[in-house]
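Novice: Line by line, the protein sequences give chains A and B.
For what it's worth, the UniProt record's numbering labels the leading residue of the first sequence as 1, then goes sequentially.
For what it's worth, the UniProt record's numbering labels the leading residue of the second sequence as 1, then goes sequentially.
Positions of the beta carbon are idealized from the N, C-alpha and C atoms, including for glycine.
Number of protein chains: 2
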Amino acid sequence: MPQYNPPLRDMQFVMHEVLNIVDELKQCPKHADIDADTINAVLEEGGKFAAEVLAPLNLSGDAEGCALDKTTHEVTPPKGFKEAYAKYVEGGWPALGCDPEYGGQGLPLVVNQSFYEMMNSANQAWTMYPGLSHGAYECLHAHGTPEQQATYLPKLTSGEWTGTMCLTEPHCGTDLGMLRTKAVPQADGTYKITGAKIFISAGEHNMVENIIHLVLARLPDAPEGSKGISLFVVPKFLVNADGSLGPRNGIFCAGLEHKMGIHANSTCQMVLEDAVGTLVGQPNKGLAAMFVMMNAARLGVGNQSLGLTEVAYQNAAAYAKDRIQMRALSGPKAPEKAADPIIVHPDVRKMLLTARAYAEGGRALSTYVAVTLDKALASDDEDERKAADDEVALLTPIIKAFITDNGWIATSHCMQVFGGHGFIHEWGMEQFVRDARINMIYEGTNTIQSLDLLGRKILGDNGAKLKKFGKKIAAFVEEEGTNEAMQEFINPLADLGDKVTKLTTEIGMKAFQNPDEVGAAAVDYLRVVGHLTFAYFWARMAKVALEKQASGDKFYTAKLSTARFYFAKLLPETATLIRTARAGLQPLMEMDEALF
Amino acid sequence: MPQYNPPLRDMQFVMHEVLNIVDELKQCPKHADIDADTINAVLEEGGKFAAEVLAPLNLSGDAEGCALDKTTHEVTPPKGFKEAYAKYVEGGWPALGCDPEYGGQGLPLVVNQSFYEMMNSANQAWTMYPGLSHGAYECLHAHGTPEQQATYLPKLTSGEWTGTMCLTEPHCGTDLGMLRTKAVPQADGTYKITGAKIFISAGEHNMVENIIHLVLARLPDAPEGSKGISLFVVPKFLVNADGSLGPRNGIFCAGLEHKMGIHANSTCQMVLEDAVGTLVGQPNKGLAAMFVMMNAARLGVGNQSLGLTEVAYQNAAAYAKDRIQMRALSGPKAPEKAADPIIVHPDVRKMLLTARAYAEGGRALSTYVAVTLDKALASDDEDERKAADDEVALLTPIIKAFITDNGWIATSHCMQVFGGHGFIHEWGMEQFVRDARINMIYEGTNTIQSLDLLGRKILGDNGAKLKKFGKKIAAFVEEEGTNEAMQEFINPLADLGDKVTKLTTEIGMKAFQNPDEVGAAAVDYLRVVGHLTFAYFWARMAKVALEKQASGDKFYTAKLSTARFYFAKLLPETATLIRTARAGLQPLMEMDEALF
Numbered sequence: 001m002p003q004y005n006p007p008l009r010d011m012q013f014v015m016h017e018v019l020n021i022v023d024e025l026k027q028c029p030k031h032a033d034i035d036a037d038t039i040n041a042v043l044e045e046g047g048k049f050a051a052e053v054l055a056p057l058n059l060s061g062d063a064e065g066c067a068l069d070k071t072t073h074e075v076t077p078p079k080g081f082k083e084a085y086a087k088y089v090e091g092g093w094p095a096l097g098c099d100p101e102y103g104g105q106g107l108p109l110v111v112n113q114s115f116y117e118m119m120n121s122a123n124q125a126w127t128m129y130p131g132l133s134h135g136a137y138e139c140l141h142a143h144g145t146p147e148q149q150a151t152y153l154p155k156l157t158s159g160e161w162t163g164t165m166c167l168t169e170p171h172c173g174t175d176l177g178m179l180r181t182k183a184v185p186q187a188d189g190t191y192k193i194t195g196a197k198i199f200i201s202a203g204e205h206n207m208v209e210n211i212i213h214l215v216l217a218r219l220p221d222a223p224e225g226s227k228g229i230s231l232f233v234v235p236k237f238l239v240n241a242d243g244s245l246g247p248r249n250g251i252f253c254a255g256l257e258h259k260m261g262i263h264a265n266s267t268c269q270m271v272l273e274d275a276v277g278t279l280v281g282q283p284n285k286g287l288a289a290m291f292v293m294m295n296a297a298r299l300g301v302g303n304q305s306l307g308l309t310e311v312a313y314q315n316a317a318a319y320a321k322d323r324i325q326m327r328a329l330s331g332p333k334a335p336e337k338a339a340d341p342i343i344v345h346p347d348v349r350k351m352l353l354t355a356r357a358y359a360e361g362g363r364a365l366s367t368y369v370a371v372t373l374d375k376a377l378a379s380d381d382e383d384e385r386k387a388a389d390d391e392v393a394l395l396t397p398i399i400k401a402f403i404t405d406n407g408w409i410a411t412s413h414c415m416q417v418f419g420g421h422g423f424i425h426e427w428g429m430e431q432f433v434r435d436a437r438i439n440m441i442y443e444g445t446n447t448i449q450s451l452d453l454l455g456r457k458i459l460g461d462n463g464a465k466l467k468k469f470g471k472k473i474a475a476f477v478e479e480e481g482t483n484e485a486m487q488e489f490i491n492p493l494a495d496l497g498d499k500v501t502k503l504t505t506e507i508g509m510k511a512f513q514n515p516d517e518v519g520a521a522a523v524d525y526l527r528v529v530g531h532l533t534f535a536y537f538w539a540r541m542a543k544v545a546l547e548k549q550a551s552g553d554k555f556y557t558a559k560l561s562t563a564r565f566y567f568a569k570l571l572p573e574t575a576t577l578i579r580t581a582r583a584g585l586q587p588l589m590e591m592d593e594a595l596f
Numbered sequence: 001m002p003q004y005n006p007p008l009r010d011m012q013f014v015m016h017e018v019l020n021i022v023d024e025l026k027q028c029p030k031h032a033d034i035d036a037d038t039i040n041a042v043l044e045e046g047g048k049f050a051a052e053v054l055a056p057l058n059l060s061g062d063a064e065g066c067a068l069d070k071t072t073h074e075v076t077p078p079k080g081f082k083e084a085y086a087k088y089v090e091g092g093w094p095a096l097g098c099d100p101e102y103g104g105q106g107l108p109l110v111v112n113q114s115f116y117e118m119m120n121s122a123n124q125a126w127t128m129y130p131g132l133s134h135g136a137y138e139c140l141h142a143h144g145t146p147e148q149q150a151t152y153l154p155k156l157t158s159g160e161w162t163g164t165m166c167l168t169e170p171h172c173g174t175d176l177g178m179l180r181t182k183a184v185p186q187a188d189g190t191y192k193i194t195g196a197k198i199f200i201s202a203g204e205h206n207m208v209e210n211i212i213h214l215v216l217a218r219l220p221d222a223p224e225g226s227k228g229i230s231l232f233v234v235p236k237f238l239v240n241a242d243g244s245l246g247p248r249n250g251i252f253c254a255g256l257e258h259k260m261g262i263h264a265n266s267t268c269q270m271v272l273e274d275a276v277g278t279l280v281g282q283p284n285k286g287l288a289a290m291f292v293m294m295n296a297a298r299l300g301v302g303n304q305s306l307g308l309t310e311v312a313y314q315n316a317a318a319y320a321k322d323r324i325q326m327r328a329l330s331g332p333k334a335p336e337k338a339a340d341p342i343i344v345h346p347d348v349r350k351m352l353l354t355a356r357a358y359a360e361g362g363r364a365l366s367t368y369v370a371v372t373l374d375k376a377l378a379s380d381d382e383d384e385r386k387a388a389d390d391e392v393a394l395l396t397p398i399i400k401a402f403i404t405d406n407g408w409i410a411t412s413h414c415m416q417v418f419g420g421h422g423f424i425h426e427w428g429m430e431q432f433v434r435d436a437r438i439n440m441i442y443e444g445t446n447t448i449q450s451l452d453l454l455g456r457k458i459l460g461d462n463g464a465k466l467k468k469f470g471k472k473i474a475a476f477v478e479e480e481g482t483n484e485a486m487q488e489f490i491n492p493l494a495d496l497g498d499k500v501t502k503l504t505t506e507i508g509m510k511a512f513q514n515p516d517e518v519g520a521a522a523v524d525y526l527r528v529v530g531h532l533t534f535a536y537f538w539a540r541m542a543k544v545a546l547e548k549q550a551s552g553d554k555f556y557t558a559k560l561s562t563a564r565f566y567f568a569k570l571l572p573e574t575a576t577l578i579r580t581a582r583a584g585l586q587p588l589m590e591m592d593e594a595l596f
């Protein structure tokens, strides 16, 4: 069974030594009292919960899966899941980042995110039960009526109830404008909602008393397409005025999907039959309200793959040091043993370091974006909030797509380190690969992310957001320009920055001629910009490591070696990506559809 | 459920229009009577068997898996598998490429391989039952005593019995020199064999009366390491002198592995307790004898991923033409529908064309190598046999590693085309991905393949084999040098040829200093040479397509478009690979083992 050690040292390094998040957070009045010791203590306890309670249930949960009782429509998650959830609630963990007004602890999102990274490492399928709740919480917090907030937020905050997002229908996922679920207004101000939803994560389970569904549906007089979609809150059990549970509502799980991975999460087909709901936000403005959830969910999905990359790395590294097989080509390294540990083989190290560099780079980027989101939400300076918001908007699709694509590569490499054993369930490595695969699909496929980045976030404002972020990179390059020891990191970073500027202009020009050029270049382009952000954070981490390596703490030595690996072996992927992005639309569209 | 259409037209194009395999085969006396019509007719019938008998069992076989009865040690494969195998035997398919002396049909291997491609597309897990037999057949055919051949080959040829390869043990896979299974000589000339083997594909099942295991074990006085390994044939039931079945032998399935994919194939833990076996070949020369199986198996594994790439492509292309979602960025393409079919989106086409170009390129390379193997085995010219043998040796690790890595990329892309549905079992796409994953591992991991290519096959003979193959490429480049229409294919091919020469020399020089440099560069290097071979065959296919496109047959138009896609979007991967291969050993070895 895989092991998991919470990477607290690396989290602290990123938070306190590289990003100085405490100083950043203190600019926000509501976080004025935050300090590093509090953050570290919370994460230490959170890490224990992840490693001791959740990790032991990951393999067994995958093997067992969820069970649906077709008569009661009740779903039973795998053994131990309900008990783990009870501990989660008992520990107060659901409230970590929630609003004190509703019983939350009001800690910064950046702390909650690192806690989630650890839970994702330990058990992605379990973590999706509370994870989806968080989306429902955010959405009601931003758009709910005072009554809705009073009814639902305290229970979501305490974790007594969980939440879902009901968007997808059989015929529409990406294209929500096509959805058909109907909401009919009633005399009492509620709506009766009828339709069929699919792929509803944590849609039904017995771990809590009530499940709060956020449902997209169409009003009778709604305009066609995405401008006619409204958002409703539909509880599994109706809630009486005194807060007690009323009758069972007409929203049922009609089937569970059999999936490649995340077996332990109940992925439900939900049927709504005159289910009673109340409107969230304005009529026909449901998509915008839903996007509050969606952006948080996209960051959350990147975080899932970050967690999987970390845990896959840890287990592969341990195996590579333990498993003996063959001798090094350069001669025996462990002559006292029957063979050398496989970590002596350069390609085994390459696979391990790929995962490590992607995990640590992803952690730096994700932590940076999380603290920026804290500023976007809570800074007392409006300009600062706006600037932070723009930066989060720019970097969200990169976190979603780049980190999940990297997670797929990394977990597959880590599995490969195990040879044939990697393919066998009991070692747990193949589960990381299967679980990682969904992260490239849900909450907007990675192709959708790349269109969002290039089309909307970059070309859509003439590159303004990218330029602002580019200025931060340029300032860092300038600052370190005379630092001899930093040249190996700064030069390729500066070079890639120039190339991104050129490439962006070039694609922008082509897109004037034919907007499909954006679609042809977007996926390659996103990975190029992903590498630019990773190169930036790797250079910043290297700077700190260089300054501190004299301390003798080997943590910094390892950090520097991983940084060098990143620049030597991973960043060069951009050489290909820039060429293929440039190759443009013609080779993709030349073939007639009928000939496929 | 996925559909499968045997790609007969493309097979015929490669065989008869590009490679002229009939002319090549006629140089071999035993294939002097072969003709294109016979080959086409066999493949047409074989395609029907694959599509009509095997394909319908793929999804259900994956869901059901195999069952072991722990008291009888018998394994029951999924429903329908036994009946399908009976049809396979009834149709005479096992005998296709086998020696007429033992009841075989004596058809060229290239025909058998294309038949296997189709069976792999339809059902990789099922196909491994007869597939492993073929390895046992080859090994006994090459190294068995006349008695062993008379006893086993007719039954393996008819398919009445199947075979296995028992190599791996819990503590050794790649490093077979460490194996511990013991063989003790008996007075009657047999051996009693005791030990534990793992990962034995098709190790036990009820589809045939007897299973013939080829087992690596160690004689009592054997030298240590790989020079002390002998090969034995160990039947499940002993065979009486009259050919009837005798007592049950001491070789049992002790457990089935729970795996990521190929669920329907029984991957067995085999226990040998004083199992009676006879020696195959010379004592202590078992590894060499086993390598006859191994090389065939490596080509077979490449062929598995070729099959999966093809079938994944077919289903993704059909889905992309059918599924409507969003509008093209350049405006509606199917205004009469609620949305455009997703094939209008450039990145969907990129994913599809990646799979298509890898399937068609892989088919050309594999077919070329198979017909070359026919020449290596059956040419009446010794020089020709030697030259063919060298070329097969060079290209085998490329087929194994490059085609299986491509298969992983391609099946994952094809699954992505389905969005969320791709993650769901019933669509069948995620099974292709899971099944494809093992192909990168077994029969020598892809890292082992790359070391075999660069270390043994290329640097081991100072590049002689590579130079010979390079001369074929150079001759083609020269020949087409003045053909204007071919420049878009010839120029990048020639350029990559030059780069491979330079890169090979460079790594060779570094390896003199430190042999670990080979290990650091090998995986990237193999993909570079893989692209060189694909570029060569794509250029040859483009040449034929250019010549024939005036016929109006749209097959040639599609071939040319796919060729252009390959050169524009896939070949540029070499830009990165050459850089990372060059980055060498230092970034991999810098970090101390303890810091991982």
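Does K192 of chain B come out as helix, strand or coil in the three-state DSSP assignment?
Specialist: On the second sequence, position 192 is the one that residue 192 of chain B refers to. K192 of chain B falls in the strand class under three-state DSSP.
Novice: Restricting to runs no shorter than 4 residues, where is the alpha helix (DSSP H) found entirely within the segment 509-568 of chain B?
Specialist: 516-548 and 554-565
Novice: According to DSSP, simplified to helix, strand and coil, what is G407 of chain A?
Specialist: Mapped onto the first sequence, residue 407 of chain A falls at position 407. Of the three classes helix, strand and coil, the one that applies to G407 of chain A here is helix, per DSSP.
Novice: For a test of the three-state rule: what should DSSP assign to I21 of chain B, helix, strand or coil?
Specialist: Numbered from its first residue, the second sequence carries residue 21 of chain B at position 21. Helix at I21 of chain B.
Novice: Considering G47 of chain B, what are the terminal residues of the alpha helix (DSSP H) in which it resides?
Specialist: Residue mapping note: residue 47 of chain B aligns to position 47 of the second sequence, counting from 1. Element bounds for G47 of chain B: A36 to K48.
Novice: Looking at the unbroken beta strand (DSSP E) that takes in D69 of chain A, where does it start and where does it end?
Specialist: Residue mapping note: residue 69 of chain A aligns to position 69 of the first sequence, counting from 1. Looking at the DSSP string, the run of the beta strand (DSSP E) that includes D69 of chain A is A67 to D69.
Novice: Kindly identify the DSSP beta-bridge partner or partners of A275 of chain A.
Specialist: Position 275 of the first sequence holds residue 275 of chain A. Paired residues: A:I193.
Novice: Going along chain A, which residues have a C-beta under 7 Å from D175 of chain B?
Specialist: Working through the second sequence from its first residue, we reach residue 175 of chain B at position 175. Neighbours of D175 of chain B on chain A, chain order: Q325, M326 and A339.
Novice: Do E310 of chain A and A357 of chain A count as a contact pair if the criterion is CB distance below 8 Å?
Specialist: For the purposes of this step, residue 357 of chain A is taken as residue 357 along the first sequence, with counting starting at 1. For the purposes of this step, residue 310 of chain A is taken as residue 310 along the first sequence, with counting starting at 1. It is not a contact, given that the beta carbons lie outside the stated cut-off.
Novice: Where do the ends of the beta strand (DSSP E) carrying H16 of chain A lie?
Specialist: Reading the first sequence from its first residue, position 16 is the one you call residue 16 of chain A. No beta strand (DSSP E) contains H16 of chain A, which DSSP labels as neither H nor E.
Novice: What are the start and end residues of the alpha helix (DSSP H) that includes R437 of chain A?
Specialist: By 1-based counting over the first sequence, the position of residue 437 of chain A is 437. Run containing R437 of chain A: M429 to I438, per the alpha helix (DSSP H) assignment.
Novice: Anyone know if the C-beta pair for Y566 of chain B and G361 of chain B falls short of 8 Å?
Specialist: As a position in the second sequence, residue 566 of chain B is number 566, starting the count at 1. As a position in the second sequence, residue 361 of chain B is number 361, starting the count at 1. In contact: Y566 of chain B and G361 of chain B (Cβ atoms closer than 8 Å).
Novice: With burial defined as no fewer than 16 other Cβ atoms inside 10 Å of the residue's Cβ, what is the status of P223 of chain A: buried or exposed?
Specialist: Taking the first sequence and counting its residues from 1, one reaches residue 223 of chain A at position 223. Its Cβ having fewer than 16 others within 10 Å, P223 of chain A is exposed.
Novice: Closest to A328 of chain B by CA distance: which of B:Y319, B:A339 and B:D322 is it?
Specialist: Sequence index remark: in the second sequence, residue 328 of chain B carries index 328 (1-based). Just measuring C-alpha positions, the residue of B:Y319, B:A339 and B:D322 sitting nearest A328 of chain B is B:A339.
Novice: Does any C-beta atom of chain A lie closer than 8 Å to the C-beta of S60 of chain B?
Specialist: Within the second sequence, residue 60 of chain B is the residue found at index 60, counting from 1. No, no contact with chain A.
Novice: Check whether the Cβ of N514 of chain A lies closer than 8 Å to any Cβ atom in chain B.
Specialist: Translated into the one-based positions of the first sequence, residue 514 of chain A becomes position 514. Output row for N514 of chain A: interface = yes.
Novice: Taking the C-alpha atoms as reference points, what is the distance between T83 of chain B and E90 of chain B?
Specialist: Taking the second sequence and counting its residues from 1, the one referred to as residue 83 of chain B is at position 83. Taking the second sequence and counting its residues from 1, the one referred to as residue 90 of chain B is at position 90. Looking at the sequence shown, residue 83 of chain B is not Thr but Glu. Roughly 10 Å separates the two Cα atoms.
Novice: Measure from the alpha carbon of T267 of chain B to the alpha carbon of each residue in B:A254, B:E593 and B:L279, then state which is nearest.
Specialist: As a first step, residue 267 of chain B must be located in the second sequence, where it is residue number 267. Measuring from the Cα of T267 of chain B, the nearest candidate turns out to be B:A254.
Novice: Which residues in the same chain as A485 of chain A place their Cβ atom closer than 7 Å to its Cβ, once the five residues preceding and following it in sequence are excluded?
Specialist: Here residue 485 of chain A corresponds to residue number 485 of the first sequence, with the count starting at 1. Only L546 meet the Cβ criterion.
Novice: Pick helix, strand or coil for L216 of chain A, following the three-state DSSP scheme.
Specialist: If you number the first sequence from 1, residue 216 of chain A lands on position 216. Strand.
Novice: Which bits of chain B does T576 of chain A rub up against, with CB to CB less than 7 Å?
Specialist: Counting from 1 along the first sequence, the entry for residue 576 of chain A is found at position 576. Neighbours of T576 of chain A on chain B, chain order: P572, E573, A575 and T576.
Novice: Give a yes or no on whether 8 Å exceeds the smallest Cβ distance from S266 of chain B to chain A.
Specialist: As a working mapping, residue 266 of chain B is identified with position 266 in the second sequence. Taking Cβ atoms only, chain A never reaches closer than 8 Å to S266 of chain B, which makes this a no.
Novice: How would you list, in chain order, the residues of chain B whose beta-carbon sits under 8 Å from the beta-carbon of Y510 of chain A?
Specialist: As a first step, residue 510 of chain A is located in the first sequence; it is residue number 510 there, counting from the start. For the sequence presented, residue 510 of chain A should be read as Lys rather than Tyr. In chain order: nothing, as chain B lies at least about 12 Å away.
Novice: Is the CB of Y4 of chain B under 8 Å away from at least one CB in chain A?
Specialist: The sequence position of residue 4 of chain B within the second sequence is 4, counting from 1. No, because no Cβ of chain A sits closer than 8 Å to the Cβ of Y4 of chain B.
Novice: Would you list the residues sitting across from K182 of chain A in a DSSP beta bridge?
Specialist: Here residue 182 of chain A corresponds to residue number 182 of the first sequence, with the count starting at 1. In the DSSP output, where bridge partners are listed per residue, K182 of chain A has A:T194 and A:R218.
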